[in-house]
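Residue numbers (this note's numbering): 22 to 200.
For reference, the structure discussed in these notes is given below.
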Amino acid sequence: DIGFAVKRGEVVGLIGLNGSGKSTLANMIAGVSTPTEGTLSVAGTPSMIAISSGLNNNLTGIENIDMKGLMIGMTKKEISALKDDIIEFADIGRFINQPVKTYSSGMKSRLGFAISVNINPDILVIDEALSVGDSTFSSKCLKRINSFRERGKTIFFVSHSISQVKDFCTKAMWLEFGR
C-alpha cells in the first residue's frame, strides 16, 4: 500500500520501526526482489549497499569483486580497471584474499560498500550499511555518498539514525507496517 515518485537527484530517507518494510522496499528498488502485487518502475541502474548484500561467504573478497561485477554485466576488463579502487576503499588489508565467511560484519559492509560505489550506479540504495564499522569508515562512506549526490544521482537511504537522515536526505518516507 505504498505509492510515491522520486525525481532524479533526490536523496530519500526510508525510516520506520523494525518490520515496517524498509528493507523490503529497498530490495525491490534495487531489483533484488519483486513486488507481490502492484507495479514498480525504476529508471536507471540501481546498486544496493547492505551488509554482505550479494556477497558469497565461500569466496574470497577478490573473488566476490569479480562475481558481483560479472553479475551486473561488467566485462572482466572493466572489473579489473576498478579492482584496485575497490580494494583501497574497502581497506580490509590481507583479508581481501580470505573467504568472506571469516570477515566481521564491518568488513563485509566495507567490501560491499566499496564494490557498490565503485561501479557508478544511477541509483544508490543504502540499507543500514553505515550502522557497522568505525566512525572513520562511516565518514569516508558519507563523503563518497555526498559525491554521488553532487553528481545528481538518486539515493535511497534506509537508516534508524534520524540525525543521519536529517543531515543527508532531501526528503524522508515513514513506513509503518508496509504502508
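All residues carry an ideal CB built from backbone N, CA and C; glycine is no exception.
Counterpart residues of M69 in DSSP-defined beta bridges: V146
DSSP three-state assignment for K174, whether helix, strand or coil: coil
Per-residue burial, R200 [other beta carbons within 10 Å of its own, 16 or more giving buried]: exposed
Whole-angstrom distance between L76 and I176, CA atom to CA atom: 21 Å
Runs of alpha helix (DSSP H) wholly within the region 84–150 (minimum 4 residues, chain order): 97–111, 126–139
Candidates L145, T157, I140, of which the one nearest M88 by Cα: I140
Where L76 falls: helix, strand or coil (DSSP): coil
Three-pair Cβ contact test at 8 Å for the region 40–48 versus the region 97–106: no
Which of helix, strand or coil DSSP assigns to K28: coil
DSSP-derived helix/strand/coil call for G34: strand
Contact belief for I70 with V186 at Cβ below 8 Å, rounded distance in angstroms: At roughly 16 Å, the Cβ-Cβ gap does not stay under 8 Å, so I70 and V186 are not in contact.
T55 - partner residues in DSSP beta bridges: BP columns for T55 are empty, so no partner.
Distance CB(N78)-CB(K122) smaller than 8 Å: yes
Where T191 sits in the DSSP three-state scheme: coil
Contact under 8 Å by Cβ, L61 with E197: no
Simplified DSSP assignment, three categories, for T81: strand
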